[in-house]
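Protein chains: 2
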Amino acid sequence: MDAEAPTQLLDPGLTGQPARPVPGIDNGFLAGYRVRFDEAGPDGRLRTSTLLRYAQDVAWRHSEQLGFDRGWYLARGLGWVVRAVELAVHEPIPIGHTLRVSTAVVGHRRIWARRLGECRLADGRPAATVTTDWVLLDARNRVVRIPQDFGVAFTNPEVKSEILRVEPSVGEATSEIELGVRPSDLDPLDHVNNAVYVDWLEEALEAAGWREATEVLPRTYRLEYLASAARGDRVNVVLRGDPSAWQASIHRPDGGELVRAQGSTPG
Amino acid sequence: MDAEAPTQLLDPGLTGQPARPVPGIDNGFLAGYRVRFDEAGPDGRLRTSTLLRYAQDVAWRHSEQLGFDRGWYLARGLGWVVRAVELAVHEPIPIGHTLRVSTAVVGHRRIWARRLGECRLADGRPAATVTTDWVLLDARNRVVRIPQDFGVAFTNPEVKSEILRVEPSVGEATSEIELGVRPSDLDPLDHVNNAVYVDWLEEALEAAGWREATEVLPRTYRLEYLASAARGDRVNVVLRGDPSAWQASIHRPDGGELVRAQGSTPG
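Those sequence lines, one after another, are chains E and V. Heads up: the first sequence begins at 1 in this note's numbering, then just goes up one per residue. Heads up: the second sequence begins at 1001 in this note's numbering, then just goes up one per residue.
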């Protein structure tokens, strides 16, 4: 069956709607995500990683609405992958709450584009923001220049700023855990979904006795994705720093680095 | 903040709507779930376990709509837990598709209630069904008799049939894997969410070289939940049988059985 065919029949409440969440950007998209039981942890709040799941989904909805659906990408052998993400959490988001998640492409340069995802509570207060730098890969997983095709649909400024990066962590490792990739961690690109690494980071923080780093509000995480973990891989998550300013490296046992991350909380 | 307060502001497309999916049952509920990118596997189809996530979420929405929200349960120290589930998958469910998931309590006996969840494609074809037998626990995790409170809101027949069970598996074990509970597997009841065990079963089937058992359509899984896995636990998943008729036992290293399961495909 065809994944695109049923689009006509969709409820607008589920498909979302065009929006202009960012001044000066002439298109964007808004959809609601109700926090499910399985998406909340023992504290009854949305798991941090799920913010990335919502943000990538609303980006897909927006892209589809403008004609760039899964079929469009498959036909061209192209696919966006997340190169870096910055996640800021401001408010607790309880189970059963419907988050308003908006998205807009706020800028681009030759080989990357930046999306801003804003998550608001039903009363309008900002609960979280997800800034994502995407790069486009071809069928051989090579970064390609962003084609003109997107120009008309996604008008946004060419920016001077640099793609998000995370410095290599330095200093003595504080703790380390080892994890195995589960088949359920894999997404349609057949690699570990970018949100899963946030679960791994929080697992490492918790194992280090730094659970506060995963609970304090506000807090910010930044991740730079260097390479993908795949089916059957084992990974090590190494922490440095302290709960209010930590650095992490997720690498393969042979040392190949997959993700660099850092987190901070005020004060 | 109050999880219930924003309900007034919700889009009906997201909150769902009353429905009568089962003849003879005078109430039920229907909501749409669009398959997100992170909810699909490398084949671009919804992960089987996510059907249980949708089914438990739509049950919550239905319950809330009738006045039994999280606050109601917390105030009384009560909580439904899944005692057994039967999952039948009929059709592939692709990423981006909006499943129509309906739910109704189709029967009850003294200490358990049965919910039928039906998942339909946008064109109306049935894609999956999830039958769930729930029991109600008090604050000390003891099974309690279902109180009269539910009677008026959830009218359904008292049934003669028995609660779903799975026979202990017999014969020589075919394969076994060991897994650790991840913090991200825990739900608001602070135990491993019932859907996660389906991921574990499919991981064990795949590790045994029986991936066909997780892909063939139609296929049926039945799970009986005997005890909960919790933070930090390790579990073993033991398989018996063959890909078209398998049995599984998920147990703690000390032998304490958590879940019995079986799966079958026609022919």
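For each residue, glycine too, the CB sits at the ideal point set by N, CA and C.
Q) Got a sec: is the Cβ-Cβ distance from residue 1036(V) to anything in chain E below 8 Å? A) yes
How is residue 148(E) classed by DSSP in three states: helix, strand or coil? coil
By DSSP, does residue 1193(V) sit in helix, in strand, or in coil?
-> coil
- Item | Through-space distance from residue 1084(V) to residue 228(E), alpha-carbon basis | 37 Å
Whose C-beta lies closer than 8 Å to the C-beta of residue 44(E) among residues of the same chain, with five residues either side of it excluded?
94, 95
Problem set entry | Start-to-end residues for the alpha helix (DSSP H) that takes in residue 55(E) | According to the DSSP assignment, residue 55(E) belongs to the alpha helix (DSSP H) that extends over 48-65.
| Which residues mark the beginning and the end of the alpha helix (DSSP H) in which residue 1164(V) is found? | It is not in any alpha helix (DSSP H) - residue 1164(V) carries neither H nor E in the DSSP assignment.
Inter-residue spacing [alpha-carbon to alpha-carbon] between residue 56(E) and residue 101(E): 10 Å
Would you say the beta carbon of residue 1169(V) is closer than 7 Å to some non-hydrogen atom of the ligand SAM? As presented, the structure is devoid of all ligands, the ligand SAM included, so that no description of it is given.
- For my contact list, residue 1053(V) and residue 1195(V) are in at a C-beta cut-off of 8 Å; report their separation, rounded to the angstrom. 5 Å
Problem set entry | Contact list for the stretch 1119-1141 of chain V against chain E, Cβ threshold 8 Å | 1121, 1122, 1123
Can you check DSSP and say which residues form a bridge with residue 1210(V)?
The partner list for residue 1210(V) (beta bridge, DSSP) is empty, contrary to what the question assumes.
| request: Give me whichever residues DSSP pairs with residue 172(E) in a beta bridge. | output: None; residue 172(E) has no bridge partner.
CB contact check: residue 255(E) to chain V, cutoff 8 Å
no
Contact set for residue 19(E): own chain, Cβ-Cβ below 7 Å, skip 5 residues either direction = 28, 29, 30, 102
Going straight from the alpha carbon of residue 1130(V) to that of residue 1106(V), what length do you get?
12 Å
Taking the straight line between their C-alpha atoms, what separation do you get for residue 1114(V) and residue 1063(V)? 14 Å
Does the separation of the CB atoms of residue 220(E) and residue 171(E) fall below 8 Å? no
- Task: For the beta strand (DSSP E) containing residue 76(E), list its first residue and its last residue.
- Result: Segment 70-76 is the alpha helix (DSSP H) holding residue 76(E); no beta strand (DSSP E) there.
Requested in this report: Whole angstroms is fine: what's the gap from residue 104(E)'s alpha carbon to residue 150(E)'s?
Outcome: 13 Å
If contact means a Cβ-Cβ distance below 8 Å, which residues of the stretch 75-107 of chain E contact chain A? The displayed structure is made up of protein chains E and V, and chain A is not among them.
Problem - Buried versus exposed, by CB contacts within 10 Å (16 or more), residue 1247(V) - result: buried
message = Residues in the same chain with beta-carbon distance under 7 Å from residue 9(E), minus the five sequence neighbours each way, listed in chain order, please.
response = Note that residue 9(E) scores a pLDDT of 40, beneath 50, so its modelled location is shaky; the value from the coordinates is reported in the next line. Within the same chain, residue 9(E) has no close Cβ partners at all.
* **Selected residue, minimal CA-CA separation from residue 97(E), among 210(E), 40(E), 139(E), 258(E)** => For the residues 210(E), 40(E), 139(E), 258(E), the minimum Cα distance to residue 97(E) belongs to 40(E).
ask   = Excluding sequence positions up to five away, which residues of its chain have a Cβ less than 8 Å from the Cβ of residue 1234(V)?
value = 1178, 1179, 1180, 1181, 1252, 1253
Among 1242(V), 1193(V), 1142(V), 1208(V), which one has its Cα closest to the Cα of residue 1265(V)? 1242(V)
Residue 1154(V) (DSSP reduced to helix, strand or coil): Residue state, collapsed to three classes: coil.
Practice task
Take residue 49(E) and list the residues in its own chain whose beta-carbon comes closer than 6 Å to its own, dropping the five residues that flank it on each side.
Solution key: 195, 198, 199
DSSP state of residue 219(E) mapped onto helix, strand, coil: strand
message = Since residue 1088(V) and residue 1128(V) should fall inside the 8 Å C-beta cutoff, what is the C-beta to C-beta distance between them, to a whole number of angstroms?
response = 6 Å
- Item | Own chain residues within Cβ distance below 6 Å of residue 230(E), not counting five before or after | Once the five neighbours on either side are set aside, the close Cβ partners of residue 230(E) are 191.
Item to complete: Please list, in chain order, all residues of the same chain as residue 1111(V) whose beta carbon is under 7 Å from its beta carbon, the five residues on each side excluded.
Response: 1135, 1143, 1145, 1146
Which residue comes first and which comes last in the beta strand (DSSP E) that contains residue 250(E)?
245-251
Does residue 1018(V) come within less than 8 Å of chain E when only Cβ atoms are used?
no
Check your understanding: Just reading off the beta strand (DSSP E) that residue 1108(V) is part of, what are its end residues?
Key -> 1098-1108
In chain V, which residues lie less than 7 Å from residue 24(E) when you measure between Cβ atoms?
Correct list: empty, because the minimum Cβ distance to chain V is about 27 Å.
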